[in-house]
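Engineer: For the sequence shown, position 187 (counting from the first letter as 1) is numbered 338 according to the working numbering, and the numbering increases by one without interruption.
Positions of the beta carbon are idealized from the N, C-alpha and C atoms, including for glycine.
If you're wondering where the values come from, they're calculated on a predicted model, not measured in any experiment.
I'd like to ask some things about the structure below.
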Amino acid sequence: MSNKFGTLLKSKLEEIQKKNPRFSFRSLAKKVGISPGCLNELMHGKRPLSEFYANKIVLGLELDTAERNEIYSMISTRSRKFAVQKTLQEQELELLTNWEHFAILNLFRMKNFQSEPAWIAERLALPTEKVEMSLQLLMNLGFIKKKGNSIARAVASLSTTTDVPSQALVKAHTSDLRKAIEVLQSTPPDVRDFSSITMAINPAKLSEAKKFIKKFRRKFSILVEEGEQTAVYNLNIQFFPLTQPEKDQTLC
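Set out below in C-alpha cells:
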C-alpha cells in the first residue's frame with residue numbers, strides 16, 4: 152500500500168513540476184495542507200493513510216473520480232470506515248430526492264450512532280415508519296449493509312453529476328431548500344448561519360466561480376468533520392441569476 156501511494160504522489164509531483172520546475176515537495180505539502188514531515192511519513196508507509204489525510208490530498212490535488220477512488224482504496228484498514236466514493240446514477244438519485252436519506256447516511260458517521268429506527272427518528276424528528284422505509288431503500292441500493300446485529304455504511308460518500316440537466320437533482324435541491332426554510336423558522340441563530348449577497352457579475356467568470364464554490368465545499372467539510380461528530384448539518388450554497396438573458400438587439 153505504502154509503495155503504491157508513494158508512487159502515485161511522486162507521479163503527481165512530477166506532473167506539476169513539468170509545468171512549474173520550482174514546485175518542490177514542500178510546495179506539495181503546502182498545497183494539500185499536510186506538514187512535510189507527516190506527508191513524507193505517509194509516502195513511506197511510516198504513518199497509516201487515514202480518511203482525514205486522504206480527503207486533504209484529494210482536495211488539494213483536485214483529483215478526478217478515478218484518482219479519488221484509487222486514493223480511498225489505499226486507506227489503512229486501521230483507519231478505514233467506509234468504501235470508496237460513489238457517483239449517483241440518475242435512477243438512483245430519483246429514489247433519493249428527499250433530504251432525510253442523506254441525513255440518515257451521515258448519522259452513521261457519528262460516534263454515538265445507534266442503528267435502531269426509533270433513535271434515528273428521534274434525532275431527525277421524523278416518523279419511525281419513514282425512517283424504516285428510508286433504511287430499506289438505502290439497503291436495497293447498497294449504500295448501507297448488515298453488520299452482525301447492526302447496520303453500517305457501505306460507501307464513503309455520494310456525489311452527483313455536475314452541469315448536466317437532471318429533474319431528480321432539481322427535486323433533491325428543492326427538498327433541501329424546503330428543509331432550510333423550515334429550519335430558518337424554527338431554530339435560533341446561534342446554531343445556524345443564513346446569509347446572502349447580491350452582486351453584478353462578469354458572466355465570463357462563471358465557470359471559475361463554480362470551481363471555487365466546489366473547492367470551498369470540500370475544504371469546509373474537512374474543517375467541520377474533523378474531531379468528534381455529534382450532529383448532522385446541511386450546507387446549501389445558492390448562486391443564481393436574477394436577470395433575464397439580454398435580448399439580441401438588431402439595428403433597423
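1. Do the segment 246-261 and the segment 325-332 touch if we need at least three Cβ pairs shorter than 8 angstroms?
2. Flag this pair as yes or no: are the beta carbons of residue 255 and residue 271 separated by less than 8 angstroms?
3. Going by the DSSP bridge assignment, what does residue 298 pair with across the sheet?
4. Check whether the Cβ atoms of residue 347 and residue 241 lie closer than 8 angstroms to each other.
5. For the candidate residues 159, 211, 170, whose alpha-carbon lies nearest to that of residue 181?
6. Any contact of the segment 196-216 with the segment 275-293, i.e. 3+ C-beta pairs under 8 angstroms?
7. In whole angstroms, what separates the C-alpha of residue 293 from that of residue 244?
8. Residue 311 and residue 239: beta carbons closer than 8 angstroms?
9. If we ignore side chains and look at the alpha-carbon of each, how far apart do residue 345 and residue 220 end up?
10. The alpha helix (DSSP H) with residue 282 in it runs from where to where?
11. I think residue 193 touches residue 200, with their Cβ atoms under 8 angstroms apart; what is that distance to the nearest whole Å?
12. When DSSP labels each residue in this structure, what does residue 214 get in the three-state scheme?
Structural biologist: Reading it off the structure:
1. yes
2. By one-based count along the sequence shown, residue 255 stands at place 104. By one-based count along the sequence shown, residue 271 stands at place 120. Yes.
3. Position 147 of the sequence shown, counted from the first residue, corresponds to residue 298. Per DSSP, 301.
4. Taking the sequence shown and counting its residues from 1, one reaches residue 347 at position 196. Taking the sequence shown and counting its residues from 1, one reaches residue 241 at position 90. Going by C-beta atoms, residue 347 is not nearer than 8 angstroms to residue 241.
5. Position 30 of the sequence shown holds residue 181. The option with the nearest alpha carbon to residue 181 is 211.
6. no
7. Within the sequence shown, numbered from 1, the residue matching residue 293 stands at position 142. Within the sequence shown, numbered from 1, the residue matching residue 244 stands at position 93. Near 13 angstroms, if we compare the C-alpha coordinates of residue 244 and residue 293.
8. Within the sequence shown, the letter at position 160 stands for residue 311. Within the sequence shown, the letter at position 88 stands for residue 239. Yes, the Cβ-Cβ distance between residue 311 and residue 239 is below 8 angstroms.
9. Against the sequence shown, residue 345 aligns to sequence position 194. Against the sequence shown, residue 220 aligns to sequence position 69. The straight-line gap from Cα to Cα measures roughly 33 angstroms.
10. Counting from one through the sequence shown, the residue named residue 282 turns up at place 131. First-last of the alpha helix (DSSP H) with residue 282: 279-291.
11. Translated into the one-based positions of the sequence shown, residue 193 becomes position 42. Translated into the one-based positions of the sequence shown, residue 200 becomes position 49. Yes, they are in contact, since the Cβ atoms of residue 193 and residue 200 sit about 6 angstroms apart, within 8 angstroms.
12. As a first step, residue 214 must be located in the sequence shown, where it is residue number 63. Reduced to three states, the DSSP call for residue 214 is coil.
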